[in-house]
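First up is the structure itself, then whatever we jot down about it.
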Amino acid sequence: MQAGAEPGGRVLVVAESGHGPLVRALSAEGHEVETRLPASALGVPPDVVVAVRASSGAAVLAALERRHRLPVAPVIVLSGAVPPKERAGLLRAGAHTCLPDPVHPEELLAAVAGALAIQRSRNSSAEEPGGLSDSLTGLGNRRLGERELDLFVARSTRHGHALAVVIAALDGVEALGKAHGPDARDAMLHDAGARLARTLRSGDVIVRWAGPQFLMMLPDTDRDGTHRAAERLRRSISAAPFTVGPETVELTASVGWADWRGEDPSEFKLRVERSLRQAREAGGGVVRPEGG
């Protein structure tokens, strides 16, 4: 590892065989490397997982648990020459990225470094003044969202990966809060955050953005996949009523989204927030892509 470089992390390599060169390259970079067979229990979650072959990646993704609605560890899959549909399935299941197999060591090390930076950002919430979590919903807060978006944009800039952001706002929740009291409003926001989080892949990130607004970052997701995800988010709110004391109330969500087009994070956020404005202007309870 070069002087001044970021310290290494704990990397788990999941493979049947032939992973010696990967382990040596990662170890030389200063990472603490452990290897396991695909069928083995994962044990203590590492910082980053490298799964050799698509089948190993699928097994790892199925085994990982969500923790505080953020992924336990980014999963890099050396998927090789699998069909695009299978690769897309791995990404939808939560893979951080898919790389060739065999992979050039420099490409693997760069992907691990990017994944490690994101993971360390997520794990730092308990160590920083002010924290990065929202006390009401248990999700990340806007401060975490700003940081995550910067990291995702930097990764997409470096590797050319797709990135989309979806923003959802509960329609009329403030009026309901005035009618039923602040405790009822807070309960609805907490329930809504949990519903939205359950629709996402393990590689996605959700934060409470502002008031009744939630922001979701979807790495490696194309426009069709983003629109489907936005529709799932919208339906998760309207699918069942919310409990407010002895009563139940029905809520809808306005959902907007935008795909990254090479701009900086601040310009990207403006486009995302414009999409939400368009959804609200359409009457609420709908999904609108930015500019659509």
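Its first residue numbered 3, the sequence shown is counted upward by one per residue in my numbering.
For each residue, glycine too, the CB sits at the ideal point set by N, CA and C.
Same chain, Cβ closer than 6 Å to residue i, five either side skipped, listed in chain order
{"i": "ASP152", "result": "PRO267"}
{"i": "MET190", "result": "VAL175, PHE244"}
{"i": "GLU292", "result": "ALA260, ARG273, ARG276, SER277"}
{"i": "LEU14", "result": "GLU36, PRO48, VAL51"}
{"i": "ALA170", "result": "PHE216, LEU235, ALA255, VAL257"}
Closest Cα partner of residue i within the set the options
{"i": "ALA242", "options": "ARG230, ALA255, ALA231", "result": "ALA255"}
{"i": "VAL296", "options": "ARG200, ALA115, ARG203, MET219", "result": "With the chain covering only 3 through 294, there is no way to say anything about residue 296."}
{"i": "ASP261", "options": "ARG55, ALA232, THR250, ALA284", "result": "ALA232"}
{"i": "SER42", "options": "VAL16, PRO48, LEU93", "result": "VAL16"}
{"i": "ARG203", "options": "VAL84, LEU92, GLU34, ASP103", "result": "LEU92"}
{"i": "GLY22", "options": "VAL105, ARG230, LEU134, ASP226", "result": "VAL105"}
{"i": "THR223", "options": "HIS192, ARG94, ARG263", "result": "ARG94"}
{"i": "ARG263", "options": "VAL167, VAL251, LEU235", "result": "VAL167"}
{"i": "ASP103", "options": "LYS87, LYS180, SER19", "result": "SER19"}
Rounded C-alpha distance that separates residue i from residue j
{"i": "PRO248", "j": "VAL62", "result": "43 Å"}
{"i": "ALA30", "j": "THR37", "result": "16 Å"}
{"i": "GLU129", "j": "ASN143", "result": "Only weak support is given to the placement of GLU129: the predicted model assigns it a pLDDT of 49, under 50, and the question is left unresolved by the model."}
{"i": "GLU269", "j": "ALA27", "result": "37 Å"}
{"i": "ARG122", "j": "ARG197", "result": "26 Å"}
{"i": "PRO40", "j": "ALA199", "result": "27 Å"}
{"i": "GLN215", "j": "VAL155", "result": "21 Å"}
{"i": "ILE239", "j": "ALA90", "result": "26 Å"}
Other residues of its chain near residue i: CB distance less than 8 Å, five sequence neighbours each side excluded
{"i": "LEU101", "result": "ILE78, VAL79, LEU80, SER81, GLU109, LEU110, ALA113"}
{"i": "GLY11", "result": "HIS33, GLU34, PRO48, ASP49, VAL50, VAL114, LEU118, GLN121, ARG122"}
{"i": "ALA212", "result": "ARG144"}
{"i": "GLU252", "result": "SER240, PRO243, PHE244"}
Contact set for residue i: own chain, Cβ-Cβ below 7 Å, skip 5 residues either direction
{"i": "VAL288", "result": "SER256, ALA281"}
{"i": "ALA117", "result": "VAL50, PRO76, ILE78, HIS98"}
{"i": "GLY286", "result": "ASP173, THR254, SER256"}
{"i": "ARG290", "result": "GLY258, SER277, GLN280, ALA281, ALA284"}
Anticipated Cβ contact below 8 Å, residue i with residue j, distance rounded
{"i": "ALA194", "j": "LEU178", "result": "That pair is no contact at about 12 Å."}
message: Under 8 Å: do the region 178 to 195 and the region 146 to 165 share three or more Cβ pairs, one atom per stretch?
response: With fewer than three CB-CB distances shorter than 8 Å, the region 178 to 195 does not count as touching the region 146 to 165.
Three-pair Cβ contact test at 8 Å for the region 156 to 164 versus the region 276 to 287: When Cβ pairs closer than 8 Å are counted between the two stretches, the region 156 to 164 is seen not to touch the region 276 to 287, the count staying below three.
message: Measuring CB atoms only, is the region 48 to 55 touching the region 132 to 139, in the sense that at least three cross pairs come out at less than 8 Å?
response: When Cβ pairs closer than 8 Å are counted between the two stretches, the region 48 to 55 is seen not to touch the region 132 to 139, the count staying below three.
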